Structure formats: C-alpha cells, structure tokens
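Below: one structure, written as structure tokens.
Residue numbers (the working numbering): 72 to 405.
Given below as structure tokens:
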C-alpha cells in the first residue's frame, strides 16, 4: 500500500490517529505497519487480525521444517528417540486438536487483547516503532518471567486431577514432534499461555513503556522456542550447545520420555536449582559412561545400548505417570 497520499484520503479512523504523522520520516517497515491499520480501518480488528495471523503463520511455518525433517531418514542420526518418528496420521490428528485450541481459546483472547493493551498504556498502531535497544531488555524480561511461570505451573499440572483431566493429553507423545508443542487440553493452553502474555502485561502496567511490536517479537521467539523444544532433534548446532543454560529439545525430550524432571521451557536453571533434573542428569551420565566404555564397539551396538536405556527410563516414567494420576501426588520412582 502506498502512503504517498494526504491524511485526508485515509479512512476516517486512521485519519484521526495518523493525522500528525510525517510519513516521509518513517522507515519502510513503519510505513507498512501504519498502512495495515489504515487499510483495515478499525484499530481493534486490525490488531486482532494481525496478532492471530502472526501466531498461525509462525506456528505452522516453524513446524513445517520439522515435518519435512521427520520424513527424511538421513536426519535420524540426530533424533533423540530415533525409533519413534511421527506418522502422517499422528501429525494430522495433532494438527486438528491444535487448530481447535487456536480457534476456541487463543482467538478470543487475541481478539480482546487490543482493548486491554490500550487500557494499560500499550502502544499498538503508533509509529515510529521501538528500536532493538529498547526491545532487547523487554524481551529478555518476558523470557525470564515466562520460564518461571511455566516451571511452577507445569509442575502443578503433573499432580492428580490437573494431570488426569488436563495435562495428560500433552503427554500422549512420549517422543514429541514440532507440531505437538501446543497439542494440549484447551485449559492447559489457557494456563500456560497466561505466562506468555502476562509478562508483557505486567511490564506495561508498571513501566508504561511497551509497544505491541515488541510483544510480537517475543511471541515469534517464544513460538520458535516451544516448537524447537518439541522437535525431538539434537543437532550439533542446536542452541543448547552454544548456551549451556538453554533447555532445548534434548532437555525437554527427556521430560516426555521419563514423565518426570525438566519442567522449565527456555532455561535450565529452575530445574537445576530446585533439583528437578536429578533423573535427567543421572541418565545423561549413564549414557555417556556407556558410550565411553564401548568406544570400540560398532555404532549398531552403541545404539542398541542407548535404546535399552531409553526403554528403562520410559518404563519408569509410565509408573510415575500412573502414580501421579492415581493418588494426586508426584511420587519418586526408585
């Protein structure tokens, strides 16, 4: 959309909000931002539509490469549970529930976000957009807050009624895959999604200095993190090998395989500080020791030993799941 027109030519609602804006001073992306609101006309609809489209495009767009990778045998060498590759039927069943949650839970919340955001002073249609120097510390806070919120909420979802009637759905796949990041009961989508959006809302309420563009950057990164953590692959270039405190797929895959441990999302520090990575650390140590002892063995023999270890851990996880579901307490499996 060309913005080389006078403010008088805009839709009346856009004319009001952009009447005093010098479009010649804006960057290309800022012109497109204003052009979106001008083209839609209604500020609430423009924000809601942009927010929902962003979520859907990023979620399924980021999941698509993992669907392709799952279909190519070459990548099995990096798959954390190589014997469990999702079938097209599983991918489709997962997609249907994800879309159901997106339209019944996330769409209404997203649509109501604009009035709430403006009520607490969040900028939405305004230009110019914030610089990366402004956005960087804000996004860092959102990551920290969400990780903390998710850790304690996720741990609560592993107890009794909450697990049996809500979180159990997400644990359908002991070997997760990208699309399954938001494969969950609608109540869980709402509970854990609260941690994603509450950080920006609290920040804006107290600081009165936040643009929804920054929230979109955060949502983009958070969705990529969640999908990658559920991908089931650990590449040599995966982020956890660069940032040791980053959780990544290798950390979260164990949670699905063993049921217990590793409740955080982005970082490892809550699990480390509160001792909820003990089984994970013991498993990694055992695997590394076995590989070192068999350094002259064939790859097939090494893989077979690791498969047996995985089977043992998964069996313990099944027992732990039954205990948590049966008596309402997260019990330790010896």
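C-beta: ideal position from N, C-alpha, C; glycine also.
Since the structure is predicted, the reported quantities are computational estimates derived from the model, not experimental observations.
>> Once the 5 residues before and after residue 253 are set aside, which same chain residues still bring their CB inside 6 Å of it?
In response: 169
>> Give me, in chain order, the residues of the same chain whose beta-carbon lies closer than 6 Å to that of residue 165; leave out the 5 immediate sequence neighbours on both sides.
In response: 250, 251, 254
> Can you give the beta carbon distance from residue 162 to residue 138, rounded, assuming they're within the 8 Å contact cut?
Replying inline: 6 Å
>> So residue 181 and residue 275 are supposed to be a Cβ contact under 8 Å. How far apart are they, rounded?
In response: Residue 181 to residue 275, Cβ: 16 Å. No contact.
>> What does the Cβ neighbour count give for residue 80, buried or exposed, with the cut at 16 atoms within 10 Å?
In response: Reliability of the predicted coordinates at residue 80 is poor, the pLDDT of 38 falling under 50, and no value is obtained from them.
> Taking residue 123 as the reference, which of 271, 366, 177, 353 has the closest Cα?
Replying inline: 177
>> Pop quiz: residue 320 and residue 135 are said to be a contact at Cβ under 8 Å. What is the actual Cβ separation, rounded to whole angstroms?
In response: At roughly 17 Å, the Cβ-Cβ gap does not stay under 8 Å, so residue 320 and residue 135 are not in contact.
>> Quick check on the DSSP output: the alpha helix (DSSP H) that includes residue 226 runs from which residue to which?
In response: 203 to 227
> Does the segment 214 to 228 come close enough to the segment 310 to 317 to have 3 or more Cβ pairs within less than 8 Å?
Replying inline: no
> Does DSSP put residue 323 in a helix, in a strand, or in coil?
Replying inline: helix
>> If you follow the alpha helix (DSSP H) that residue 159 is in, where does it begin and where does it stop?
In response: 159 to 172
>> Distance check for residue 88 and residue 248, CA to CA, integer angstroms please.
In response: 44 Å
> To the nearest angstrom, how far is it from the Cα of residue 131 to the Cα of residue 167?
Replying inline: 12 Å
>> Using C-beta distances below 7 Å, list every residue in its chain close to residue 358, excluding the 5 sequence neighbours before and after it, in chain order.
In response: 377, 380
> What separation, rounded to the nearest whole angstrom, lies between the Cα atoms of residue 284 and residue 339?
Replying inline: 28 Å
> So, using beta-carbon positions, are residue 385 and residue 329 closer together than 8 Å?
Replying inline: yes
> In three-state DSSP terms, what is residue 88?
Replying inline: helix
>> Using C-beta distances below 6 Å, list every residue in its chain close to residue 155, excluding the 5 sequence neighbours before and after it, in chain order.
In response: 246
> Got a sec? Which residues, its chain only, sit under 6 Å from residue 279 by beta carbon, not counting five neighbours each side?
Replying inline: 192
> Any chance the segment 286 to 297 sits against the segment 195 to 212, with 3 or more Cβ pairs inside 8 Å?
Replying inline: yes
> Under the DSSP definition of a beta bridge, which residues are partnered with residue 317?
Replying inline: 338
> To which residues of the same chain is residue 325 closer than 6 Å at the C-beta, ignoring the five residues directly before and after it?
Replying inline: 333, 351
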